[in-house]
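Here's the structure, in structure tokens; my notes come after.
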Amino acid sequence: MSAATSRLGGVRGFSSRHQSTSIVLVVIVVTILLPIISLIPPFSGFGTQKDFVGGFAAAGVFVLLALGLNVVVGFAGLLDLGYAAFFAIGAYTYAYSASGFTGLSIPFWPMLLVGALVAAVFGVLLGAPTLRLRGDYLAIVTLGFGEIVPVVFLNADKYTNGTNGITGIAQPNALGLFGINGFGFTNPWPYYLTIVAIITVVVILLYRLQDSRLGRAWVALREDELAAASMGINTITTKLLAFSIGASTAGLAGVFYAAKLSTVTPDQFGFTVSFTALAMVVLGGMGNIWGVAAGALIIYELQSQGLKQLGSFVQGLNVPVVALGPITINIGAINFLNYQYLLYGLALVIMMLVRPEGLFPSRRRRRELHETPAEDELTAPDPTAGDPSQEGGD
Amino acid sequence: MAIPDETTGATGATGETTGAPGTASLLLHAHGITKRFGGLVAVRTVDFEIPEGSIVSLIGPNGAGKTTFFNVIAGLSEPSEGTISFAGEQVVARPRRGWAEPFFWFAFPALFVIFALAVVAANLPISGELLVLVAVGLLVTSLVVAIIRPPWYVHLLQRAGIFRSARPNEMVRFGIGRTFQNIRLFHNMSALENVQVGMHSRMAATPIDAALRLPRHNREEAVAAEKAREWLAYVGLGDREDEMARNLPYGDQRRLEIARALASQPRLLLLDEPTAGMNPVETRRMTELIAQVRRDLGITILLIEHDMRVVMGVSDRVTVLDHGEKIAEGTPEAVRANPLVIEAYLGKGAASAS
Amino acid sequence: MPLAILISLAVAYGLMVIGAGPQAQEQFINALTIGAIYALIALGYTMVYGIIELINFAHGEIFMVGSFVCWWLLTTLGFSGAIQDPVLLIEVLVLAFTVSMVTMGVVGVIIERLAYRPLRNAPRLAPLITAIGVSFILQNLVFVMISNSIVTVPQIIPNPLIQIGPISIREINLFVIVLALVLMAALHLFIQRTRLGRAMRSTAIDRDAAQIMGVNINSTIALTFFIGSALAGAAGVVQGLYFGVTVFNIGFQAGLKAFTAAVLGGIGNTTGAAIGGFVIGFIEVLASVFGVGRWSEAAVFTTLVLVLIFRPTGILGQQLADRA
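Protein chains in written order, with my numbering: chain D, -2 to 391; chain B, 2 to 355; chain S, -5 to 318.
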């Protein structure tokens, strides 16, 4: 809590008192370092700097997604498994506003805000039905929504062009600042810088929210919903704010994504996206803004670069082929990229068993997960949150 | 057994000028409160009044329905029957005509649909799809408002005779604060943070203020931190503000809960067994604190207690529940001597009252 | 309740007639068959939830792997088409079901032991996330090791229609429906009448009390997983035999729908899960009959959301054990 940490000396104290400045500084350093690292062996052997930068820009999308999902899952403790729905909504919003499909041509930069707002509204809409539900049921319902939204985009051909999606989405126009110009398919740098800028703003805002009345309300909600309500917190508003703020971040990511790829199709927003974002949040460290961002970057890079390299490495080992009836197991021919979700799954399971607070946990989270948990609701399994009136029994 | 005079505090019931009963205004008035859980009647037609500025105790053997009654007053539980008014305003009642609420949800969209039909009939060039979209949008907005239940919506319902009990967070806004029988602190938050959460309902800065670090937010946070420290100091935890709630000793945790409840500036404070599990020294300090709260802050207090020394020492009035019914009410001495009460406790009360 | 069931079936049939005309009977039977599959999967969900309050996300994948076990077995044994010899057919069917059910039962127990048991007292989020992880592991194991596209399962049950009075029904449909009913009845009897079943019920109601009474909680939970997974395995075999195809990602959708069925019927309630399964089967077939098949997923999920909002305890309500 900044009240306590800002009295400290040293780096922690400084960064707590001048939070926004430190964030910007760190981001600048990282932004400069990453492309430089890509020129150093062994990384230089994996691809050109341009490829790397393009990859970083794509990773940035996932960093945003992880940051937004962190608000819902990490801050407010609501397990949202259908987060990709908001990503899709942001993307399609921009697609509507700047493509041949609708004939509109609204510029990218204002659409960032519009996309975020639209997604926020849907955050409220899709969050509202889940408010009385307990953890697992909330997860399932959000999963359901996460499925329904792409299905709607797929089937409502007249409005969304169905499976083919919307193509020819306009690129952002040049800003002329900080080198953010010259957007195009062959030049990843403006995209890289843009996503970095967006991430910086989002991180600053998230830190501020975390350290505010709302942030405390979220922690209280996570700790003990009943007590939180009894202390005057409107749990409904608090949860809906988590959903909408989380969704708006996904909306930002969606607008950027649509602009960068110039195409949106329904199959880009399936459960694997929600799952990846969740994996990044969980593995990175739920509730910890930097942890989640770092986790997302690491995981994305591992997935896009690491697995490829692992494949080459294993091929070099020349392991013999095994056959079991109609199944042949040929380790040398394994394309590890196919295995990425398998590895995510394994990583998640192992993490939950060994270090549930993630790689870079917030101190609070580590405390929460390694002490004996508070006793659960006393009621019988019921999808709605534990009914306090049943506790009466004096 | 005589009540040890020196322990339970000089601010006992008799000496204080809380106003003669009957002349003080009623802060809380509960009428005919009944709560059923399926076939079990936990509270049966209980009438209850709390004069402003008094300390009232609610006692009774285990299972008498005290905490259930508390939960009704605190808004956690809707009564099966009965009403409660607080500071003259009705806050709790058995939900009345709740079925009529959907009419509100559909009112706007319905009006719009009529408007849309008129538009279509007049052959105005507005696309049908747009009209449908707007109608759906209105419906959805109404539903979301119904879910969030802002105060103006609740007032609208009340004006229309559709009554819903206040939710716990609304009760806090009205001015009712509480502590819990089993301590429900936010264990992984510091003492200071716990109290700051208690202040939530009295703070006005919005998330936008926070995100943009507008002056209103910064000022409010600084003031809140200071006030929180004051509350901690008031209950004697001034030097523990950064300690995790879970690491505090038991007695301190109880007092932190009180500080947290006080932070919401209640007019009525509900304390559910505040001295449970405490040794005599802690009990005495807690009793003093309770009396102090009434004396310094003018807060009305409703107490559930099992420790008769506390009850006798600090209450202006005692009400006794047994099996969900009120069996006695009056000054501590009167209640202590009441044979019905002794019988209800079956020996336990007799031992401490002799 | 039997009356309610009859009325619902009649209504469903009526809808079929409206939508499918002459094919009403065929589609009705189709719906019963698909419903049977969902019912079998739903039973596993509901049993596990009833006993440890965990939504076993991996359950749908158990179903999927079960279908692949069936594929593997039949392919390895060299079958490719309908088996005309009734004795051989029965032998093969028994083998297929036994192998699949036992294998999936064991897999279920292993998963519980490795991934869920250590987290039994952890905050809710942890086992939930683990379950998702397991689900992905299973799905992707099949994806990379076996096939990333549709595989055909030998359809060994011959196709001809059988006439039973005014009803003409294919052998396979009859087989599936009867099998499902038999399995469900067996499960019901097991839970209600046997000692182990009583142990399961008591653990579901109050784990600590059951433990004090001498119930071995770990074994009971393991048994629950075994039975639930075995039933899903059976559903997998049915999937393979009836549809003739299976693919690595059917578990996800089927699992979600079966879970809807379990919630619809009342989570923790085995009779409810069975009924829910059939309801979902009908919703799906009716959707395709009325030409809105593409929306059937959305329809099922919307059902789930609506049920959880308006009647979270499901049609039949809570039933951790038989309430007299």
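Heads up, the beta-carbon is just placed ideally off N, CA and C, and yes, glycines get one too. Because the structure is a prediction, the values reported are computed rather than measured.
L59(B), enclosing alpha helix (DSSP H) - first and last residue
Not the alpha helix (DSSP H): L59(B) falls in the beta strand (DSSP E), residues I56 to I60.
Terminal residues of the continuous beta strand (DSSP E) containing V47(B)?
Start and end: L41 to P52.
Excluding the five sequence neighbours on either side, which residues of its own chain have a C-beta within less than 8 Å of the C-beta of L211(D), listed in chain order?
Result list for L211(D): T235 and L238, in chain order.
Rounded to the nearest angstrom, how far is the Cβ of D243(B) from that of L290(B), given a contact under 8 Å?
With a Cβ gap of about 22 Å, D243(B) and L290(B) do not count as contacting.
Need the endpoints of the beta strand (DSSP E) that H30(B) sits in, please.
L27 to F38 is the span of the beta strand (DSSP E), which, as asked, contains H30(B).
Should the segment 161 to 180 of chain B be regarded as contacting the segment 252 to 270 of chain B, the criterion being three or more beta carbon pairs within less than 8 Å?
Yes, they touch.
Residues that S396(D) bridges to, as DSSP identifies them
One cannot answer for residue 396(D) here, as it falls past the ends of chain D, which runs -2 to 391.
Where the beta strand (DSSP E) through S162(S) begins and ends:
Start and end: I161 to R164.
When you compare only the Cα positions, how much space is there between I56(S) and V224(B)?
Roughly 57 Å separates the two Cα atoms.
When DSSP labels each residue in this structure, what does V232(S) get in the three-state scheme?
Helix at V232(S).
Element boundaries [alpha helix (DSSP H), containing G271(S)]
Residues T264 to V283.
Using DSSP with H/G/I as helix, E/B as strand and the rest coil, what is F273(B)?
Correcting the residue type first, residue 273(B) is Asp in the shown sequence and not Phe. D273(B) falls in the strand class under three-state DSSP.
Does the count of Cβ pairs from the segment 335 to 345 of chain D and the segment 275 to 284 of chain D closer than 8 Å reach three?
A contact exists between the segment 335 to 345 of chain D and the segment 275 to 284 of chain D.
Would you grab the beta carbon distance between I161(S) and Q21(S) for me? Rounded to a whole angstrom, and I think it's under 8 Å.
Not confirmed; about 13 Å, so no contact.
Check the C-beta distance from G308(S) over to V257(S) and give it rounded, since I have them as a contact under 8 Å.
The beta-carbon distance between G308(S) and V257(S), rounded to whole angstroms, is 6 Å. This is short enough to meet the 8 Å contact definition.
What's the gap between the Cα of A248(S) and the Cα of Y32(S)?
Distance between the alpha carbons of A248(S) and Y32(S): 7 Å.
Can you tell me the Cβ-Cβ gap for G102(S) and L250(S), rounded? I've got them flagged as a contact below 8 Å.
About 18 Å separates the CB atoms of G102(S) and L250(S); that is not less than 8 Å, and the two are not in contact.
Examine the ligand FMN and report whether any of its heavy atoms sits within less than 7 Å of the Cβ of V312(B).
This structure lacks the ligand FMN, and indeed carries no ligand of any kind.
So within the segment 211 to 250 of chain B, which uninterrupted alpha helix (DSSP H) runs reach at least 4 residues, ignoring any that extend past its ends?
Listed in chain order, they are 216 to 235.
Relative to chain D, which residues along the segment 187 to 208 of chain S have a C-beta separation below 9 Å, given in chain order?
Contact residues of the segment 187 to 208 of chain S toward chain D are A198 and I199 (C-beta to C-beta distance below 9 Å).
Any idea which residues DSSP pairs L322(B) with across the strands?
L322(B) is bridged to K327(B).
For Y236(S), the nearest candidate out of T265(S), V170(S) and L68(S) (CA to CA)
For Y236(S), the nearest C-alpha among the options comes from V170(S).
Cβ neighbour criterion (16 or more within 10 Å) applied to R256(B):
By the neighbour-count rule (16 or more Cβ atoms within 10 Å), R256(B) is buried.
According to a CB-to-CB cut-off of less than 9 Å, which residues of the segment 228 to 251 of chain D neighbour chain B?
If the cut-off is 9 Å between Cβ atoms, the segment 228 to 251 of chain D has M228, G229, I230, N231, T232, I233, T234, L237, L238 and I242 near chain B.
Go through its chain and collect everything with a Cβ distance to N153(S)'s Cβ below 8 Å, but skip five positions before and after it.
Take N153(S), set aside five residues on each side of it, and the residues of its chain with a beta-carbon closer than 8 Å to its own are A76, R164, E165 and I166, in chain order.
Given a cut-off of 8 Å, decide if V57(B) and T320(B) are closer than it, judged by their beta-carbon atoms.
Result yes, Cβ atoms of T320(B) and V57(B) sit closer than 8 Å.
Suppose contacts are defined by Cβ-Cβ distances below 8 Å. Is V346(D) in contact with V128(S) by that definition?
Judged by beta-carbon spacing, V128(S) lies within the 8 Å limit of V346(D), meaning their Cβ atoms are closer than that value.
Chain D beta carbons: is any one of them nearer than 8 Å to that of H324(B)?
Output row for H324(B): interface = no.
If you check the beta carbons only, do G243(D) and L66(D) fall under 8 Å apart?
Contact flag set, yes.
Does the Cβ of R337(B) have 16 or more other Cβ atoms within 10 Å, making it buried, or fewer, making it exposed?
Buried, by the Cβ-count rule.
Within chain B, partners of L64(D) - CB distance below 9 Å
When 9 Å is used as the limit between beta carbons, L64(D) is near no residue of chain B, the shortest such separation being about 14 Å.
Check the C-beta distance from A90(S) over to V241(S) and give it rounded, since I have them as a contact under 8 Å.
That pair is no contact at about 19 Å.
So I201(D) packs on S17(D), CB below 8 Å; how close in whole Å?
So it is a contact: roughly 5 Å between Cβ atoms.
Checking 8 Å against the spacing of the C-beta atoms, do T232(D) and A224(D) come in under that value?
No Cβ-Cβ contact shorter than 8 Å links T232(D) with A224(D).
Please identify, using Cβ separations under 7 Å, the residues of the segment 200 to 222 of chain D that lie next to chain B, in order along the chain.
The segment 200 to 222 of chain D vs chain B, Cβ under 7 Å: L202, R205, L206, S209, R210, L211, R213, A214, V216, A217, E220 and D221.
Quick check on DSSP: helix, strand or coil for V286(S)?
Three-state DSSP puts V286(S) in coil, outside helix and strand.
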